[in-house]
Amino acid sequence: MKVTWRTFTSRVSGPLLAEVALVVVATAVGALVYRGFFATIEYLPVVGLACIGGAVTAAAAAGRRWNAWSTMLLAAGGFALFATYAVFGDTIEDGLPTSRTGSDLLHGVLGGWARMLTVEPPADAWAELLVTPALVVWSAVFTAVTLTLRTRSLLAPVAPPLVAFVLALLAAGSQPGKHTAATVAFLTATLALILFRARRTATGGRTRHSPQPPRRTRSLLTAGLTITASALSGIVGGHALPLASGQHRFDPRQLRPPPITLAATLTPLAKVKSQLIENPPRALFTLRIDRENASQISRVRTAALDAFDGTTWTTTDAYRAAGSHLAIDPALTNARPVTAHIEVNDLPGPFLPVLGWPSRFTAAQHNTGDIGFNGRSGVLVSTAPTLHGLRYTLVGKISSHDRGLPPAVPSTSPELAHYRALPTNTPASLQVEARRLTGAQPTPYGQLSTLEQHLRSRPYSLGAPPGHSYAAITRLLTDNTDNPGYAEQHAAAFTVLARALGYPARVAVGYRLHDYRDGAYMVTTADAHAWPEVHFAGYGWVAFEPTDTSNTTANPPPPPPEIPLVAPPPRLNPPPIAPPATEPPPPAVGGNQPGFDWAGVLRGMVLLVVGLVALVTLATAVITIEKARRRRRRRHTHDHAARVLGAWHELIDRLAERGITCPVSLTAREVAQHADTALGPAASSVAAAAPLATAAVFAPDHLDQRAAERAWHLAAQLHTDLYPRQVSLRRLRAAVDPRPLWTNRCAARERRRAWKRLEMGRYR
Numbered sequence: 001m002k003v004t005w006r007t008f009t010s011r012v013s014g015p016l017l018a019e020v021a022l023v024v025v026a027t028a029v030g031a032l033v034y035r036g037f038f039a040t041i042e043y044l045p046v047v048g049l050a051c052i053g054g055a056v057t058a059a060a061a062a063g064r065r066w067n068a069w070s071t072m073l074l075a076a077g078g079f080a081l082f083a084t085y086a087v088f089g090d091t092i093e094d095g096l097p098t099s100r101t102g103s104d105l106l107h108g109v110l111g112g113w114a115r116m117l118t119v120e121p122p123a124d125a126w127a128e129l130l131v132t133p134a135l136v137v138w139s140a141v142f143t144a145v146t147l148t149l150r151t152r153s154l155l156a157p158v159a160p161p162l163v164a165f166v167l168a169l170l171a172a173g174s175q176p177g178k179h180t181a182a183t184v185a186f187l188t189a190t191l192a193l194i195l196f197r198a199r200r201t202a203t204g205g206r207t208r209h210s211p212q213p214p215r216r217t218r219s220l221l222t223a224g225l226t227i228t229a230s231a232l233s234g235i236v237g238g239h240a241l242p243l244a245s246g247q248h249r250f251d252p253r254q255l256r257p258p259p260i261t262l263a264a265t266l267t268p269l270a271k272v273k274s275q276l277i278e279n280p281p282r283a284l285f286t287l288r289i290d291r292e293n294a295s296q297i298s299r300v301r302t303a304a305l306d307a308f309d310g311t312t313w314t315t316t317d318a319y320r321a322a323g324s325h326l327a328i329d330p331a332l333t334n335a336r337p338v339t340a341h342i343e344v345n346d347l348p349g350p351f352l353p354v355l356g357w358p359s360r361f362t363a364a365q366h367n368t369g370d371i372g373f374n375g376r377s378g379v380l381v382s383t384a385p386t387l388h389g390l391r392y393t394l395v396g397k398i399s400s401h402d403r404g405l406p407p408a409v410p411s412t413s414p415e416l417a418h419y420r421a422l423p424t425n426t427p428a429s430l431q432v433e434a435r436r437l438t439g440a441q442p443t444p445y446g447q448l449s450t451l452e453q454h455l456r457s458r459p460y461s462l463g464a465p466p467g468h469s470y471a472a473i474t475r476l477l478t479d480n481t482d483n484p485g486y487a488e489q490h491a492a493a494f495t496v497l498a499r500a501l502g503y504p505a506r507v508a509v510g511y512r513l514h515d516y517r518d519g520a521y522m523v524t525t526a527d528a529h530a531w532p533e534v535h536f537a538g539y540g541w542v543a544f545e546p547t548d549t550s551n552t553t554a555n556p557p558p559p560p561p562e563i564p565l566v567a568p569p570p571r572l573n574p575p576p577i578a579p580p581a582t583e584p585p586p587p588a589v590g591g592n593q594p595g596f597d598w599a600g601v602l603r604g605m606v607l608l609v610v611g612l613v614a615l616v617t618l619a620t621a622v623i624t625i626e627k628a629r630r631r632r633r634r635r636h637t638h639d640h641a642a643r644v645l646g647a648w649h650e651l652i653d654r655l656a657e658r659g660i661t662c663p664v665s666l667t668a669r670e671v672a673q674h675a676d677t678a679l680g681p682a683a684s685s686v687a688a689a690a691p692l693a694t695a696a697v698f699a700p701d702h703l704d705q706r707a708a709e710r711a712w713h714l715a716a717q718l719h720t721d722l723y724p725r726q727v728s729l730r731r732l733r734a735a736v737d738p739r740p741l742w743t744n745r746c747a748a749r750e751r752r753r754a755w756k757r758l759e760m761g762r763y764r
């Protein structure tokens, strides 16, 4: 028979449909966490349709009562059909899938999660990235709805949405944001689902045509307060635990080698002089920008060098595939966006010119995986063999040098620790010189400005020997006009002195902008430059100019022969779709190696495990104590009939621990028959205690001390028959099972009302 939504809903009760709706809501709100991975909400329609499609498919399978294999085949086939048209719709021709559709679907299902780990969030909603969240949501909602409709387990339907929620958190990784709204909605939906299932189980799973119990306003109010308190506790705990901060948050991308790394190459800082002495200068790229911003922009950056070994400044950056949206430095709050259009002519790769901190990148010929980005340094690279003819539009965040900058302080976050590190062989004279030059300045910005002015006063000459080692820096700082330098030595000296003062600093390499004509800058090799940058809270990387650039346009004397520092021009490994590079990035200087922090992960895991153990222990203790308190109260009442009824309630609790629910409408004899059907001979104690329970309700005056003791003996006998072994897993699980507590609250009021009506009728 064909199953329609109308025929299916006629077979189930309203509470069961409410549970299905809560399952769908819990899974859907968990998918909101992917907002930390994707740049926009374009992924939401696909994930939302996956949630609805998985639920409808599971309901259809449950309505037909298919076996496990048929259900799994239906789930797989349903997702393949959904992904074909909803995710990989651009591969369809004339409404039919193609060979490319099957290939992309297979690669997306098998390698989609790995692909998500090679992308630098926030990511664009590419099909290869959408398929994994869609698969997770489809699988979670399909499994949860199936468990809701086919099982009576209290917590089983909660597990799939919880797993999907955790996977979404892993996908978001260490991206900024606490996902408070998603957490509130998820906790509320899951707790409501548990309470709904517990109440339906306690009332015997009435169908929609069965008589409903009277409204329990107080119970509903208690349930609502419980949900609210639990959700708020989860949110407060999430904010309080160290795992919720960006410093300790686990990011699975740190476990996977970066897909784009720089091979051993000549440091970009050593190429500044070779470009400056080219005659005639060579055109590199054109930068178009509106006149209003042109007067406020003086340079573009290509590379940022963060590691120094006493001889050479290099970069330890690793790059992941970038889309059109780029991660913003969270410390950059005082900034304005500036849009530039860049056309590359003869610029050697792999570094791309950027303004400030890039936030958007758009290129007409941009293929997926061609552009790499490092969210820690703000550097863009290209995997293309040549940059000639590359055109792109870039939106950069430019730090505003307003009145708040002079009193600002450099950043002290642990993520920037390697920007403060110096090698162990740093001459003590440089540290003494840094303190001597800045001792009279009370603020960090004042100290850095003093360093800037002192180095600008040093003589400038392109005839100075190349290199930026400690020896070259010491020569530059010596009070001798015979030891001039140029941008390479000035930028390196400033950065070393700033780090000696404990400030996060780096060397930036790029080009100066001047001679604005017809709405554009024509950048040539004569504009090559290097300068230092210091990271300030609220302003990000702030550039300083320790080089007197007024003499840079003069014709330089013939340079001495240069010796390459390392090797030939830079080369990139293949794009992210190829196997990742085998060479790890070089370690940072001073022992601060970026990348995966095992110590931080272990600390986080220890805190998580301790928290979970404490939570489980507390819940177990509360349940055990409440059961013991209630058992003692039932057994030590002064009325014999009440003691008999207390023993009968204990019998009902033991049945509830085995998953056997007894509706309130059943008589004691019917409960015994129900237990005998489920347990067989092990339920003989229930049958023996049923006459005593009936007498306690209808003839309480005929019960004596011996009847009460026999009733409690039968309760103990049932526990022994159900769990013959003194130590067993099932016995332990029954001891901490919370279902009797909820079952008693749902049924006690009905029983009390029934007993009260019987007593009133007896005394009339």
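Note that full-length UniProt numbering has the sequence shown beginning at 1, numbered continuously upward. Every residue, glycine too, gets a C-beta built ideally from N, C-alpha and C.
What is the rounded straight-line gap between the Cα of residue 686 and the Cα of residue 623?
Walking along the sequence shown from the start, residue 686 turns up at place 686. Walking along the sequence shown from the start, residue 623 turns up at place 623. Taking the straight line from one Cα to the other gives about 24 Å.
Could you say if the region 414-426 and the region 453-465 meet the contact criterion of at least three C-beta pairs nearer than 8 Å?
no
Length-filtered (4 minimum) alpha helix (DSSP H) runs lying within the region 387-450
428-438
Spatially closest choice to residue 387 from 651, 340, 349 and 275, by CA coordinates:
Here residue 387 corresponds to residue number 387 of the sequence shown, with the count starting at 1. The residue from 651, 340, 349 and 275 with its alpha-carbon nearest to that of residue 387 is 349.
Do residue 282 and residue 513 count as a contact pair if the criterion is CB distance below 7 Å?
Taking the sequence shown and counting its residues from 1, one reaches residue 513 at position 513. Taking the sequence shown and counting its residues from 1, one reaches residue 282 at position 282. No, Cβ-Cβ distance for residue 513 and residue 282 is not below 7 Å.
Quick one: grab the DSSP three-state call for residue 131.
Taking the sequence shown and counting its residues from 1, one reaches residue 131 at position 131. Note: residue 131 maps to helix in three-state DSSP.
CA-to-CA distance, residue 690 to residue 670, given in whole angstroms
On the sequence shown, position 670 is the one that residue 670 refers to. On the sequence shown, position 690 is the one that residue 690 refers to. In a straight line, the C-alpha of residue 670 is about 9 Å away from that of residue 690.
Check residue 345 in the structure and name its three-state DSSP category.
The count along the sequence shown starts at 1 and reaches residue 345 at position 345. Residue 345 falls in the coil class under three-state DSSP.
7 Å Cβ cutoff met for residue 30 and residue 164:
Counted from its first residue, the sequence shown places residue 30 at position 30. Counted from its first residue, the sequence shown places residue 164 at position 164. Here residue 30 is near residue 164, since their CB atoms are less than 7 Å apart.
Residues that DSSP places opposite residue 539 in a beta bridge:
On the sequence shown, residue 539 is found 539 positions in, with the first residue counted as 1. DSSP lists 332 as the bridge partner or partners of residue 539.
By how many angstroms is the C-alpha of residue 544 removed from the C-alpha of residue 410?
Translated into the one-based positions of the sequence shown, residue 410 becomes position 410. Translated into the one-based positions of the sequence shown, residue 544 becomes position 544. When rounded, the distance between both Cα atoms is 13 Å.
Between residue 272 and residue 529, how many whole angstroms is the CB-CB distance? I'm expecting something under 8 Å.
Along the sequence shown, one-based indexing puts residue 272 at 272. Along the sequence shown, one-based indexing puts residue 529 at 529. So it is a contact: roughly 7 Å between Cβ atoms.
Compute the Euclidean distance between the alpha carbons of residue 502 and residue 416, then round it to the nearest angstrom.
Residue mapping note: residue 502 aligns to position 502 of the sequence shown, counting from 1. Residue mapping note: residue 416 aligns to position 416 of the sequence shown, counting from 1. Taking the straight line from one Cα to the other gives about 11 Å.
Checking the sheet assignment: what are the DSSP bridge partners for residue 532?
As a working mapping, residue 532 is identified with position 532 in the sequence shown. Looking at the DSSP assignment, residue 532 forms a beta bridge with 507.
Assumed close pair residue 374, residue 317 - CB separation to whole angstroms, cut-off 8 Å
Counted from its first residue, the sequence shown places residue 374 at position 374. Counted from its first residue, the sequence shown places residue 317 at position 317. 4 Å between Cβ atoms; contact.
Apart from the five residues on each side of it in sequence, which residues of its chain come closer than 6 Å, Cβ to Cβ, to residue 311?
By one-based count along the sequence shown, residue 311 stands at place 311. Only 469 meet the Cβ criterion.
Going by alpha carbons, who is nearest to residue 130 out of 17, 107, 372 and 650?
For the purposes of this step, residue 130 is identified with residue 130 of the sequence shown, where counting begins at 1. The shortest Cα separation from residue 130 among 17, 107, 372 and 650 belongs to 107.
For the structure I just gave you, are there three or more beta carbon pairs, one from the region 44-63 and one from the region 177-191, closer than 8 Å?
no
Please look up how many angstroms separate the CB atoms of residue 705 and residue 649, rounded, as I've assumed it's under 8 Å.
Reading the sequence shown from its first residue, position 705 is the one you call residue 705. Reading the sequence shown from its first residue, position 649 is the one you call residue 649. The pair is not a contact, with the Cβ atoms about 19 Å apart (cut-off 8 Å).
Cβ-based burial, residue 726 [other Cβ within 10 Å; buried from 16]
The residue labelled residue 726 in the question sits at position 726 within the sequence shown. Burial call: exposed.
Counted within 10 angstroms of its Cβ, other Cβ atoms place residue 197 as buried (16 or more) or exposed:
The residue you call residue 197 lines up with position 197 of the sequence shown. Under this definition residue 197 is a buried residue.
Using 10 angstroms around the beta-carbon of residue 527, count the other beta-carbons present and answer buried if the total reaches 16, otherwise exposed.
In the sequence shown, counting from the first residue as 1, residue 527 sits at position 527. So residue 527 counts as buried.
Run of the alpha helix (DSSP H) containing residue 82, from where it starts to where it stops
On the sequence shown, residue 82 is found 82 positions in, with the first residue counted as 1. Run containing residue 82: 68-86, per the alpha helix (DSSP H) assignment.
What separation, rounded to the nearest whole angstrom, lies between the Cα atoms of residue 476 and residue 134?
Residue 476 sits at position 476 when you count from the first residue of the sequence shown. Residue 134 sits at position 134 when you count from the first residue of the sequence shown. Each residue's alpha carbon lies about 59 Å from the other.
Since I believe residue 336 is in contact with residue 765 (beta carbons under 8 Å), could you give me their beta-carbon distance rounded to a whole number of angstroms?
Nothing about residue 765 can be read from this structure; the chain reaches only from 1 to 764.
For residue 522, which beta-bridge partners are listed by DSSP?
Here the question's residue 522 lines up with position 522 in the sequence shown. According to DSSP, residue 522 bridges with 286.
Could you spell out the range, first to last residue, of the beta strand (DSSP E) harbouring residue 371?
For the purposes of this step, residue 371 is taken as the residue at position 371 of the sequence shown. Here the beta strand (DSSP E) through residue 371 covers 371-374.
Report the option in 396, 288, 137 and 740 whose CA atom is closest to the CA atom of residue 519.
Walking along the sequence shown from the start, residue 519 turns up at place 519. Selected option, being the one with the closest Cα: 288.
When you compare the CB positions of residue 714 and residue 688, do they come within less than 7 Å of one another, or not?
Residue numbering aside, residue 714 sits at position 714 when the sequence shown is read from its first letter. Residue numbering aside, residue 688 sits at position 688 when the sequence shown is read from its first letter. Contact flag set, yes.
Please say whether residue 181 and residue 161 have beta carbons closer to each other than 7 Å?
In the sequence shown, the residue the question calls residue 161 occupies position 161. In the sequence shown, the residue the question calls residue 181 occupies position 181. Contact: no.
According to DSSP, simplified to helix, strand and coil, what is residue 648?
Counting from 1 along the sequence shown, the entry for residue 648 is found at position 648. If DSSP states are grouped into helix, strand and coil, residue 648 belongs with the helices.
By how many angstroms is the C-alpha of residue 142 removed from the C-alpha of residue 15?
Position 15 of the sequence shown, counting from 1, holds the residue named residue 15. Position 142 of the sequence shown, counting from 1, holds the residue named residue 142. One C-alpha to the other measures close to 19 Å.
With distance defined between alpha-carbon atoms, name the residue in 393, 94, 461 and 548 nearest to residue 339.
The residue given as residue 339 occupies position 339 in the sequence shown. The residue with the shortest Cα to Cα distance from residue 339 is 393.
If I follow the unbroken beta strand (DSSP E) through residue 357, where does it start and stop?
Position 357 of the sequence shown, counted from the first residue, corresponds to residue 357. 357-363 is the span of the beta strand (DSSP E), which, as asked, contains residue 357.
Check whether the Cβ atoms of residue 37 and residue 121 sit closer than 7 Å, and answer yes or no.
Here residue 37 refers to the residue found at position 37 when the sequence shown is read from its first residue. Here residue 121 refers to the residue found at position 121 when the sequence shown is read from its first residue. For residue 37 and residue 121, yes; Cβs fall inside 7 Å.
Tell me where the beta strand (DSSP E) around residue 380 begins and ends.
Reading the sequence shown from its first residue, position 380 is the one you call residue 380. Unbroken beta strand (DSSP E) run through residue 380: 379-382.
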